[in-house]
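Enquirer: Take this structure, written in C-alpha cells, and hold onto it; I'll ask about it next.
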Amino acid sequence: MGEKYFSLDERVKILSEGTKYDSCNQAGVCHTFTPDGRCIQLYKTLMTNRCSGECLYCPNRCGREVTRTSLAPDEIIKITWDLYRKNSIEGLFLTSGVLKDPEYTSQKQLEIIRTLREQGFNGYIHVRLMPGVPRDVMNEISLYANKFGVNAETTCDSRYSEICPNFDYGIDVLRRMGWTNDLVKERRSEMAYGERIIGANDTQFVVGASCEPDKEIILTIDRFMENYGLRRPYFMSFDPVPDTPLSDRSAVPLWREIRLYQASYLMKDYGMKSADIDLVLDDNGNLLNEDPKMVYAKHNRDIFPLDINEAGYNELLLVPGIGPVTARRIITSRPIENFVQLMNIGVVLKRARPFIKVGKKFQSSLEAFV
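Offset between the sequence shown (1-based) and my numbering: plus 73.
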C-alpha cells in the first residue's frame, strides 16, 4: 500500500498491533518476568514495520502489501515517559522491522534506549535485536538494556534458510546468541547490588513455521541452555498470514505452544534434560495435549508413591503438583504428618496425591485416579 500521513495515535496503533507476532499476543502492552521474579508490564512497540527481510511467515515481510509506518526515536521516548509517569507501564519492550540493514536498525534502537537512560529513566528495558547486529552495537546496547537478544525462530540452518532466506543461522543468529551470553556475564559481573538487573539470554521459536517436530525444539533448547546460557525460550504458534508464502498452511494449535512452555519449565526449573522429555513424546516426536510432567509420572509409575518424609529434593520435583518452592518447603517442614499440612505449604493435592504417601497413607488405586 502507498505511503500516507498517519497521526501519532494511528501510528502507535499500527505498530503496537504488529508486535503480536513477537513473543506475546497482546497489542501495545506485554508482561515479562524480571530476574528477581517480578511480573512487570511493558510498553511494547515496533520501531518500524518497514522491513528489508523476506521471512516467509511475517506480516511485515518485504514486498507484502501492508500499511507501512514508523515512530521516530523521540516519539518512542516521549510515549514511554508518558506511560511510565502515569504508572501504566514499568518499562519498554522495543522491537523493529529491519530498516535498511541490521546495523542501521540497531543503531536507532540504541539511540532510543541511551537517550532514555541519559534522561534518568530507571524502568526495565528489553530490546529485541536484529539477526546480524554488529558486536560493537550489541555491546553498547548492553550498557543500557536490562535484557537483549536475537530470535532463533527455528532449530537449525536448513530450516532457518527455508523460512528466513535473508539471514544465516550460524552467523547472524547463533553467533549473536553467543555474544549475548558473553555480554550478560560481563554486565552482571560489573553490577553492584541494587543497580540495573541484567536478564539472562532468551530467544523465540515460531512453532511449526518450518514443520519441525517438538523433539527438535526441545533438543535445541537443551543445546542453547548448555552453549548460550539460555534461560527463557518463548514460543509463538505459527498462524498463517494472508499474502505470505506460507498462507496456505494450517495454523498450529495454541495448546502446542502451551505444552512446549511446560516442557521448557521442566528443563529450566526442574533439571530435566531432553532425553527425559523423550519419554513423553508421541511416535512423531511431538508432545501430547497433556501436562508433560503428568505424562512423565504416568510413564514412571514404578517409582511412586514417594514417601514425602524420605524423598530427596530431586525426587520430589518428579511429583505432579510439587514445584521447586514447595519441594524446599516440604524438606524444611519435615516431618509431614498429614495431607492438610502439605496443602497448607502449597502442594496441589489434586495432582500430587496419587504419587505420594504420608506415613502409610496413599491413594489406593493410582490407575483409578489418573
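Heads up, the beta-carbon is just placed ideally off N, CA and C, and yes, glycines get one too.
The beta strand (DSSP E) that contains residue 309, what's its start and end?
Expert: Taking the sequence shown and counting its residues from 1, one reaches residue 309 at position 236. Start and end: 303 to 310.
Enquirer: For residue 179, which residues of its own chain have a beta-carbon under 8 angstroms away from its beta-carbon, when the five flanking residues on both sides are left out?
Expert: As a first step, residue 179 is located in the sequence shown; it is residue number 106 there, counting from the start. Excluding sequence neighbours, residue 179 sits near 202, 203, 206, 207, 210, 211 and 214.
Enquirer: Would you check if there are 3 or more beta carbon pairs closer than 8 angstroms linking the region 125 to 135 to the region 313 to 320?
Expert: Yes, since at least three Cβ pairs between the region 125 to 135 and the region 313 to 320 fall closer than 8 angstroms, the two stretches touch.
Enquirer: Would you mind sorting residue 401 into buried or exposed? The rule is 16 or more other CB atoms within 10 Å of its CB.
Expert: If you number the sequence shown from 1, residue 401 lands on position 328. Counting Cβ neighbours within 10 Å, residue 401 comes out exposed, since fewer than 16 surround it.
Enquirer: Decide if the region 302 to 309 is in contact with the region 350 to 366; the criterion is three or more beta carbon pairs, one per stretch, under 8 angstroms apart.
Expert: No: the two stretches stay apart, fewer than three of their Cβ pairs being nearer than 8 angstroms.
Enquirer: May I have the straight-line CA-CA distance separating residue 272 from residue 125, to the nearest angstrom?
Expert: Your numbering for residue 272 matches position 199 in the sequence shown. Your numbering for residue 125 matches position 52 in the sequence shown. Approximately 29 angstroms between the Cα atoms of the pair.
Enquirer: Taking the continuous alpha helix (DSSP H) assigned at residue 258, which residues delimit it?
Expert: Your numbering for residue 258 matches position 185 in the sequence shown. Note, residue 258: alpha helix (DSSP H), 248 to 263.
Enquirer: Residue 295 to residue 341, Cα distance in whole Å?
Expert: Translated into positions along the sequence shown, residue 295 becomes position 222. Translated into positions along the sequence shown, residue 341 becomes position 268. Near 9 angstroms, if we compare the C-alpha coordinates of residue 341 and residue 295.
Enquirer: From the DSSP output, in three-state form, read off residue 216 for me.
Expert: Taking the first residue of the sequence shown as position 1, residue 216 is located at position 143. The answer is coil: DSSP assigns residue 216 none of H, G, I, E or B.
Enquirer: Applying the 10 Å Cβ sphere with the 16-neighbour rule, what's the burial state of residue 345?
Expert: Numbered from its first residue, the sequence shown carries residue 345 at position 272. Burial call: buried.
Enquirer: Within this structure, are the beta carbons of residue 168 and residue 222 separated by less than 8 angstroms?
Expert: The sequence position of residue 168 within the sequence shown is 95, counting from 1. The sequence position of residue 222 within the sequence shown is 149, counting from 1. No, these two residues do not count as a Cβ contact at 8 angstroms.
Enquirer: Tell me whether residue 443 sits in a helix, a strand or coil according to DSSP, three-state version.
Expert: Here residue 443 refers to the residue found at position 370 when the sequence shown is read from its first residue. Residue placement at residue 443 is flagged as unreliable, the pLDDT there being 47, under the threshold of 50; the coordinate-derived value follows with that caveat. Of the three classes helix, strand and coil, the one that applies to residue 443 here is coil, per DSSP.
Enquirer: Would DSSP call residue 337 helix, strand or coil?
Expert: The count along the sequence shown starts at 1 and reaches residue 337 at position 264. Note: residue 337 maps to helix in three-state DSSP.
Enquirer: Assign residue 322 to one of three DSSP states: helix, strand, or coil.
Expert: Locating residue 322 in the sequence shown gives position 249, where the first residue counts as 1. Note: residue 322 maps to coil in three-state DSSP.
Enquirer: Report the residue from 330, 246 and 321 whose alpha carbon sits nearest the alpha carbon of residue 224.
Expert: The residue given as residue 224 occupies position 151 in the sequence shown. The candidate whose alpha carbon is nearest that of residue 224 is 246.
Enquirer: Please determine, among 386, 380 and 230, the residue with the shortest C-alpha to C-alpha distance to residue 410.
Expert: Indexing the sequence shown from 1 puts residue 410 at position 337. Selected option, being the one with the closest Cα: 380.
Enquirer: Give every residue of the same chain whose Cβ lies closer than 6 angstroms to the Cβ of residue 85, excluding the five residues on either side of it in the sequence, and list them in chain order.
Expert: Numbered from 1 along the sequence shown, position 12 holds the residue referred to as residue 85. Nothing meets the Cβ criterion.
Enquirer: Check whether the Cβ of residue 217 lies closer than 8 angstroms to any Cβ atom in chain D.
Expert: The chain inventory of the structure shown lacks chain D, comprising one protein chain alone.
Enquirer: As a quick exercise: from 427, 183 and 164, pick the residue whose alpha carbon is nearest that of residue 373.
Expert: Here residue 373 corresponds to residue number 300 of the sequence shown, with the count starting at 1. For the residues 427, 183 and 164, the minimum Cα distance to residue 373 belongs to 427.
Enquirer: With DSSP run on the structure shown, which of helix, strand or coil describes residue 151?
Expert: Stepping through the sequence shown from its first residue, residue 151 is reached at position 78. Helix at residue 151.
Enquirer: When the Cα of residue 199 is compared with those of 186, 193 and 430, which residue comes out closest?
Expert: Position 126 of the sequence shown holds residue 199. Closest by alpha carbon: 186.
Enquirer: So what's residue 130 in DSSP terms, helix, strand or just coil?
Expert: In the sequence shown, residue 130 corresponds to position 57, counting from 1. Coil, per DSSP.
Enquirer: Looking at C-alpha atoms only, which residue of 424, 357, 358 and 367 is the closest neighbour of residue 339?
Expert: By 1-based counting over the sequence shown, the position of residue 339 is 266. It is 367.
Enquirer: Since residue 141 contacts residue 158 with CB under 8 angstroms, what's their CB separation in whole angstroms?
Expert: Against the sequence shown, residue 141 aligns to sequence position 68. Against the sequence shown, residue 158 aligns to sequence position 85. The pair is not a contact, with the Cβ atoms about 30 angstroms apart (cut-off 8 angstroms).
Enquirer: DSSP on residue 182, reduced to helix/strand/coil?
Expert: One-based indexing of the sequence shown puts residue 182 at position 109. Residue 182 falls in the helix class under three-state DSSP.
Enquirer: Tell me whether residue 96 is buried or exposed, calling it buried when 16 or more other Cβ atoms sit within 10 Å of its Cβ.
Expert: Here residue 96 refers to the residue found at position 23 when the sequence shown is read from its first residue. For residue 96, the predicted structure reports a pLDDT of 47, less than 50, and the residue's modelled location is therefore unreliable. A value from the coordinates is still provided. By the 10 Å Cβ count, residue 96 comes out buried.
Enquirer: Could you round the C-beta distance between residue 278 and residue 226 to whole angstroms and report it? I think they count as a contact, below 8 angstroms.
Expert: In the sequence shown, residue 278 corresponds to position 205, counting from 1. In the sequence shown, residue 226 corresponds to position 153, counting from 1. Yes, residue 278 and residue 226 are in contact; Cβ-Cβ is about 6 angstroms, under 8 angstroms.
Enquirer: Looking at the secondary structure, which residues open and close the beta strand (DSSP E) in which residue 417 lies?
Expert: Sequence index remark: in the sequence shown, residue 417 carries index 344 (1-based). From DSSP, residue 417 is part of no beta strand (DSSP E) but of the alpha helix (DSSP H) over 412 to 417.
Enquirer: Out of 281, 292 and 320, which has the shortest C-alpha to C-alpha gap to residue 328?
Expert: Working through the sequence shown from its first residue, we reach residue 328 at position 255. Closest by alpha carbon: 281.
Enquirer: Between the Cα of residue 231 and the Cα atoms of 190, 285 and 148, which residue gives the shortest distance?
Expert: Counted from its first residue, the sequence shown places residue 231 at position 158. Among 190, 285 and 148, the Cα nearest to that of residue 231 belongs to 285.
Enquirer: Is it right to say residue 78 is buried, meaning 16 or more other beta carbons lie within 10 angstroms of its own, or is it exposed?
Expert: The count along the sequence shown starts at 1 and reaches residue 78 at position 5. It counts as exposed.
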